[in-house]
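Protein chains: 2
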Amino acid sequence: MKDAVPPAVQRALRARFPEALDSARRLLRQPSVSATGEGVAECAEMVRQMMAEIGCKTRMWKKGGHPLVIGELDVGAPVTLIEYEMYDVQPVGDLDAWKVPPFAAEVRTVPGVGRAVVARGSTNSKGALANHLFTWKTIRDVDEMPVNLKILAEGEEEISSANFIEYIRTHRRELRAQGAIANDYSEDLRGVPTVYLGVKGCLYLTIWSRGNRTAGGPMEGEIHSSDAVWIASPVWRLLQALDTLVDEDQRPVIDGIWDEVRRPAKAEVAMVRRLAKKFDPKTWLREGKVAKFKYDLPKVDLLLRYLYEPTVNICGIHSGYVDHGGTKTILPHEAYAKVDIRLVKDMTVGGTLRKLRAHFAKRGFGDLRIDVHGPYGPARTDPTSWIARAAIETVEAHGKVPEVWPSSGGTMPAFAFDEYLHLPWVATGLGHGAHAHAPNEYASIDGMRRFIAAEATLVYTAAKRGKAVAK
Amino acid sequence: MKDAVPPAVQRALRARFPEALDSARRLLRQPSVSATGEGVAECAEMVRQMMAEIGCKTRMWKKGGHPLVIGELDVGAPVTLIEYEMYDVQPVGDLDAWKVPPFAAEVRTVPGVGRAVVARGSTNSKGALANHLFTWKTIRDVDEMPVNLKILAEGEEEISSANFIEYIRTHRRELRAQGAIANDYSEDLRGVPTVYLGVKGCLYLTIWSRGNRTAGGPMEGEIHSSDAVWIASPVWRLLQALDTLVDEDQRPVIDGIWDEVRRPAKAEVAMVRRLAKKFDPKTWLREGKVAKFKYDLPKVDLLLRYLYEPTVNICGIHSGYVDHGGTKTILPHEAYAKVDIRLVKDMTVGGTLRKLRAHFAKRGFGDLRIDVHGPYGPARTDPTSWIARAAIETVEAHGKVPEVWPSSGGTMPAFAFDEYLHLPWVATGLGHGAHAHAPNEYASIDGMRRFIAAEATLVYTAAKRGKAVAK
Numbered sequence: 001m002k003d004a005v006p007p008a009v010q011r012a013l014r015a016r017f018p019e020a021l022d023s024a025r026r027l028l029r030q031p032s033v034s035a036t037g038e039g040v041a042e043c044a045e046m047v048r049q050m051m052a053e054i055g056c057k058t059r060m061w062k063k064g065g066h067p068l069v070i071g072e073l074d075v076g077a078p079v080t081l082i083e084y085e086m087y088d089v090q091p092v093g094d095l096d097a098w099k100v101p102p103f104a105a106e107v108r109t110v111p112g113v114g115r116a117v118v119a120r121g122s123t124n125s126k127g128a129l130a131n132h133l134f135t136w137k138t139i140r141d142v143d144e145m146p147v148n149l150k151i152l153a154e155g156e157e158e159i160s161s162a163n164f165i166e167y168i169r170t171h172r173r174e175l176r177a178q179g180a181i182a183n184d185y186s187e188d189l190r191g192v193p194t195v196y197l198g199v200k201g202c203l204y205l206t207i208w209s210r211g212n213r214t215a216g217g218p219m220e221g222e223i224h225s226s227d228a229v230w231i232a233s234p235v236w237r238l239l240q241a242l243d244t245l246v247d248e249d250q251r252p253v254i255d256g257i258w259d260e261v262r263r264p265a266k267a268e269v270a271m272v273r274r275l276a277k278k279f280d281p282k283t284w285l286r287e288g289k290v291a292k293f294k295y296d297l298p299k300v301d302l303l304l305r306y307l308y309e310p311t312v313n314i315c316g317i318h319s320g321y322v323d324h325g326g327t328k329t330i331l332p333h334e335a336y337a338k339v340d341i342r343l344v345k346d347m348t349v350g351g352t353l354r355k356l357r358a359h360f361a362k363r364g365f366g367d368l369r370i371d372v373h374g375p376y377g378p379a380r381t382d383p384t385s386w387i388a389r390a391a392i393e394t395v396e397a398h399g400k401v402p403e404v405w406p407s408s409g410g411t412m413p414a415f416a417f418d419e420y421l422h423l424p425w426v427a428t429g430l431g432h433g434a435h436a437h438a439p440n441e442y443a444s445i446d447g448m449r450r451f452i453a454a455e456a457t458l459v460y461t462a463a464k465r466g467k468a469v470a471k
Numbered sequence: 001m002k003d004a005v006p007p008a009v010q011r012a013l014r015a016r017f018p019e020a021l022d023s024a025r026r027l028l029r030q031p032s033v034s035a036t037g038e039g040v041a042e043c044a045e046m047v048r049q050m051m052a053e054i055g056c057k058t059r060m061w062k063k064g065g066h067p068l069v070i071g072e073l074d075v076g077a078p079v080t081l082i083e084y085e086m087y088d089v090q091p092v093g094d095l096d097a098w099k100v101p102p103f104a105a106e107v108r109t110v111p112g113v114g115r116a117v118v119a120r121g122s123t124n125s126k127g128a129l130a131n132h133l134f135t136w137k138t139i140r141d142v143d144e145m146p147v148n149l150k151i152l153a154e155g156e157e158e159i160s161s162a163n164f165i166e167y168i169r170t171h172r173r174e175l176r177a178q179g180a181i182a183n184d185y186s187e188d189l190r191g192v193p194t195v196y197l198g199v200k201g202c203l204y205l206t207i208w209s210r211g212n213r214t215a216g217g218p219m220e221g222e223i224h225s226s227d228a229v230w231i232a233s234p235v236w237r238l239l240q241a242l243d244t245l246v247d248e249d250q251r252p253v254i255d256g257i258w259d260e261v262r263r264p265a266k267a268e269v270a271m272v273r274r275l276a277k278k279f280d281p282k283t284w285l286r287e288g289k290v291a292k293f294k295y296d297l298p299k300v301d302l303l304l305r306y307l308y309e310p311t312v313n314i315c316g317i318h319s320g321y322v323d324h325g326g327t328k329t330i331l332p333h334e335a336y337a338k339v340d341i342r343l344v345k346d347m348t349v350g351g352t353l354r355k356l357r358a359h360f361a362k363r364g365f366g367d368l369r370i371d372v373h374g375p376y377g378p379a380r381t382d383p384t385s386w387i388a389r390a391a392i393e394t395v396e397a398h399g400k401v402p403e404v405w406p407s408s409g410g411t412m413p414a415f416a417f418d419e420y421l422h423l424p425w426v427a428t429g430l431g432h433g434a435h436a437h438a439p440n441e442y443a444s445i446d447g448m449r450r451f452i453a454a455e456a457t458l459v460y461t462a463a464k465r466g467k468a469v470a471k
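Line by line, the protein sequences give chains E and W. Our numbering numbers the first residue of the first sequence as 1 and each following residue consecutively. Our numbering numbers the first residue of the second sequence as 1 and each following residue consecutively.
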C-alpha cells in the first residue's frame, strides 16, 4: 500500500530525526511524577511551549490536580482529530534496580532490541508525546497540515485522569471532531503492532461495613471476641454481602448486571478468531505465574470471555487484627473491601452502581457504605468505522500486519470520547518499548523512527478517509 | 457462717498487712512484660525466692518462652491444692495516659474505690500473686499448713500460656491433687464477687488462601485485576470458604460442630436464672457501644446462648491493596483471615479442627492452609463439686453473696486442669481492681485485705471439704 505522506515530508522527518531524538530526551529529563507532583508543573509548561512552536493556541486547564495542557491548531481543514497524550509518569520505584539514572534519558543498547532511550516515561508515554509533537511540527514546516488538531496532554493518567474526564464532560462543543487517537509504541518484541478498538470500564469502590443500629455490631471500636456469640460482626456482614456478588466461578451475579452486556458483533467475533491464532495461553500463564485459567475452553471462547465479560474483583480487603505471631481476640467494628468492577459495552458507571446498591438493599445489606473512586466507562469503536480503517491502513502502509483487538482487557479514559463525544477512537502506533511502571523502562530508537513515519501517514490518511464523515 | 481460720492466723494476717502491701508493691515495681521480655527473668527469680521463703521446693521449667515458676510444699496433709498464678503483665501501652509511672506502684485515691495501688499488673495479676504468697507464708509462721500446695506461676499468660499447658500435659503424675484454684480480685464496684466454674475454649487460626495448581490463581505475586475475568482469585476463594462457616445469624454451621455441644445441666440452668436477675442488658450494651444483641430473647435465653454456644469469629482479615485514596487494580495472590472459634463443653480442640478441615474438604476448599495458634479447650466444673462448694462457702463466710457463673464467656488455660488432670477448679477471690490491659490499672488496698482473709479461709475450708475426695 502506497504511503499517503508527501515525499518532502517523509524526507524531512528522516533528515531531522536527530532533532526528534533530542526533543524526546529533553522531555524525559524533566521529571513529571503525578503521584508525588515532582516536576509536573515544569513539564506541563515545557509541553505547552512545544505545542506553541507548532503554532497551536495553548492553554492549561485544571480543577484541582495537575493541569491538562491543551493545544489547538485550526487550519480550516474538513477533518479534526483529537490527539490524546499524557505527560505524567509513574514514580521511579526501586532506584537500585535502575542501571541508569531514571531521569538522565541515556541511550543504551538493549539486548534483542538495539539502541534505546532508557528513562522513566520513555515508553509510557513521553517518548511518543515528543515524537508526535515533532511529527506535527515537521509537517507544518514542510507542507500544509491536512487536518485540524485538538491536542489534550493530561498530567494525571497515572492517578485517575480526573481533570481529563471532567474537561471532556464539560467541553463537548469545543471538542467537535471526527475521531480521536491515543497512539503509543505498540509493537511487541517480534515487531507486531496492535490496534486497540476498545477498553473495559472500571468502577473502583471501597465497600464499608460498620456496626450500626440497624445491623447491630460494635459502633465505636473493637470489642472482645467472646461477645461474637451474641453481638453481630460487621466483618461477617461484609463477607456475606460480598459473597452474593459472584458465583462459584467468581463471575458477577449482581441482579441485572448481565442485562446490559452487549454480545460481540460478528465482525468482533471474526477479529477474535484471528487473534486466537496468535494467542498462546501457555506463554501467557507462564509469564503471570498462574497455573491455569478458570475455564477449560478453546482459545476463541477464552478470549471472548476475556474481552466481553464484566468482572467483580477484590483488590484488597481489611479488618481488625492482621499481624502474624499474635492471637489478639477481637470483634472488629468495621471492615472494608476495595472492589473493582470491570464494565463492558453497554454497561454504564451509573447504571452498574445503581444495580449494586439495589442488589445489596434487596438482601438486607443496604447499610453498607460504598465510596466510588475514578469511575471509567467502557469504550468500543466499531471495527468498520473510518478511524479503525485508517489506523489499520496506516500500519499496513508500513509493511506490518497488526493484531487488531476489539478491546483491551484493561482500562483507560477512552470512554470519555465514546460516552461524552460519541467519537470513534483508536489506539495503535509503531515502535517498541517495555518495562512501563518498572525499572529500566526503555523506548527503542529505531522504533521512534517508525512511530514518527507512521504518525505522519495517519495524519494524511485521516485527512483523506475522514472527509466522508465530516459535514 | 463461721470462718474456718484459726483466730491466731486471722490476727497475724491483719497485723502484718503492711508487709503484704509492701511485698505486692515490691513485686509490681519489677517489670515483667511477656510480650517484650522486659524484666521477665528477674521477676521469675523474685517469685521463686518468695516461694522458697514459704518453705517450698522451687524450680523453673521452660520449653522455650518464659519460665514457669514451680513451688511445692508437701506437709503430708490429705488434701493437695494446685494454685494457678501468673507473674507476667501486658505492655504498659500509652504512657501519656498513665497518671503515675506504671512500674512505680504508687498508692493513690481512686474515686469511688478508695486507696489503691496503681501499677501495671496490680489487678492482673501480680497483686493477687503477692497476696497469695503472703497468706501462705503467714499461715506457715503461725500454724501448721492444713493442705499441701503445688504453686504454678506462669510467665506467659498474656502470650498464650504455652509452657504452662505443656507442663501440665507432660507432668500429670507430679500434679496429683484434689482441686485447682485460680483466684484473683473478683469484686465489681458494688462489692459483689464472682465465682467462675467454667471458661470457653479458644481455637485461634490463621486460614490462608493462595493461588495453587488445584484451585488456580496467581501463585507468586499479584497480577493485574483485568485478568480476574479468566483467572481465579484466592481472595474470593477465602471469602467463599469462610462464608460456609456461619449462618445468617453468624452462628457456626461447620458440619457436625453442634454434635458435641453439651446442653446445660439443670443445676447450670438454675444458676443462669439466678444470674439473669442481676444481668442488665442495657448497661452491658452501653458499655460496649453496641446498639443491640443479635437475638431478641429474654435475659435467661440470651445468657444461655452466651455461655453455652460456640462461635466462629473473624478477628482480622487481609489481602492485597488496602490503602485509602488510591485505586490500585490488582488480583492478589494470597489472602488470610484470623479466626477464633470458641469451644464449649464437650467440644475438643482436635475434634473441632478435624471437623473444620473435613467441612472445607467436602466443599472443595481442602487446599486452604490452616495454622493453629495457642489452642485452649473448654473447661467446666460441676457446681456440686467439693471445690465449687468450698469457694462459695468461703465467699459467704466473708459476708458476701457471689454471682456464680457456670462459665465465663472468655478463655483461660483452665482446660489443662480439666482435660489433662481431671481436676475440679474454681476462679474467685475477694478484692477489687480494674483497668487490666489499660492505663492506670489499679488494685484496691482494702480489697487486698479482704482477698488475703478470704484466701486463708479457702485454705482451711478446702482442707476440711477436700478430705472427702482425697483417697
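In this text, a Cβ means the ideal position worked out from N, Cα and C, and glycines have one as well.
Check the C-beta distance from residue i over to residue j and give it rounded, since I have them as a contact under 8 Å.
{"i": "W/GLU156", "j": "W/HIS224", "result": "The pair is not a contact, with the Cβ atoms about 45 Å apart (cut-off 8 Å)."}
{"i": "W/ASP367", "j": "W/ASN212", "result": "6 Å"}
{"i": "W/ALA397", "j": "W/ASN124", "result": "Between W/ASN124 and W/ALA397 the Cβ distance is about 26 Å, and since that is not below 8 Å, they are no contact."}
Going by other Cβ atoms of all chains shown within 10 Å of its Cβ, with 16 needed for buried, is residue i buried or exposed?
{"i": "W/ALA15", "result": "exposed"}
{"i": "E/VAL349", "result": "buried"}
{"i": "W/GLU174", "result": "exposed"}
{"i": "W/ARG342", "result": "buried"}
{"i": "E/ASP418", "result": "buried"}
{"i": "E/THR206", "result": "buried"}
{"i": "W/ALA180", "result": "buried"}
{"i": "E/GLN49", "result": "exposed"}
{"i": "E/ASP227", "result": "buried"}
Can you list, in chain order, the residues of its chain whose CB lies under 6 Å from that of residue i, leaving out five sequence neighbours each side?
{"i": "E/ALA97", "result": "PRO439"}
{"i": "E/TYR196", "result": "TRP405, SER408 and ALA427"}
{"i": "W/VAL312", "result": "LEU245, VAL246, PRO252 and ILE341"}
{"i": "W/ALA130", "result": "SER23, ALA24 and LEU27"}
{"i": "E/MET219", "result": "GLY211"}
Going along chain E, which residues have a C-beta under 7 Å from residue i?
{"i": "W/ASP340", "result": "SER225 and THR329"}
{"i": "W/GLN425", "result": "With the sequence shown as reference, residue 425 of chain W is identified as Trp, and Gln is not the correct amino acid for it. By Cβ distance, chain E contributes nothing, its closest Cβ being about 19 Å from W/TRP425, past 7 Å."}
{"i": "W/TRP236", "result": "VAL246, GLN250 and ILE314"}
{"i": "W/THR311", "result": "ALA228 and VAL229"}
Leaving aside the five residues before and after residue i along the sequence, list all residues of the same chain whose C-beta is less than 8 Å from its C-beta, in chain order.
{"i": "W/LYS355", "result": "ILE254, ASP255, GLY256 and ILE257"}
{"i": "W/GLU19", "result": "PHE134"}
Is the distance from the Cβ of residue i to the Cβ of residue j below 8 Å?
{"i": "E/LEU203", "j": "E/ASP340", "result": "yes"}
{"i": "W/VAL47", "j": "W/ALA116", "result": "no"}
{"i": "E/VAL5", "j": "E/THR457", "result": "yes"}
{"i": "E/LYS345", "j": "E/ARG380", "result": "yes"}
Can you pull the chain E residues whose beta carbon is under 9 Å from the beta carbon of residue i, in chain order?
{"i": "W/LYS200", "result": "SER226 and VAL229"}
Show which residues of chain W have a CB atom less than 9 Å away from the CB atom of residue i.
{"i": "E/LYS289", "result": "GLY211, PRO218, MET219, GLU220, GLY221, ILE223 and HIS333"}
{"i": "E/VAL272", "result": "Within 9 Å Cβ-Cβ: nothing; E/VAL272 doesn't reach chain W, min ~14 Å."}
{"i": "E/ILE165", "result": "Simply none; closest approach about 13 Å."}
Along chain E, in chain order, which residues have C-beta atoms closer than 8 Å to that of residue i?
{"i": "W/SER160", "result": "THR327"}
List, in chain order, every chain W residue whose beta-carbon is nearer than 7 Å to that of residue i.
{"i": "E/HIS359", "result": "By Cβ distance, chain W contributes nothing, its closest Cβ being about 16 Å from E/HIS359, past 7 Å."}
{"i": "E/ALA232", "result": "GLN250 and LYS294"}
Take residue i and list the residues in its own chain whose beta-carbon comes closer than 7 Å to its own, dropping the five residues that flank it on each side.
{"i": "E/VAL300", "result": "VAL272, ARG273 and ALA276"}
{"i": "E/TYR376", "result": "GLY201, CYS202, THR411, PRO413 and PHE415"}
{"i": "W/HIS333", "result": "ARG210, GLY211, GLY217, PRO218, MET219, GLU220, GLY221, GLU222 and PRO234"}
{"i": "E/PHE360", "result": "ALA241, GLY366 and LEU368"}
Taking C-beta pairs closer than 8 Å, name the residues in chain W that residue i reaches, listed in chain order.
{"i": "E/ASP410", "result": "Note that residue 410 of chain E is Gly in the sequence shown, not Asp. Within chain W, the residues near E/GLY410 are HIS224 and SER226."}
**Asked** If contact means a Cβ-Cβ distance below 7 Å, which residues of the stretch 292–309 of chain W contact chain A?
**Response** The structure shown contains no chain A; its protein chains are E and W.
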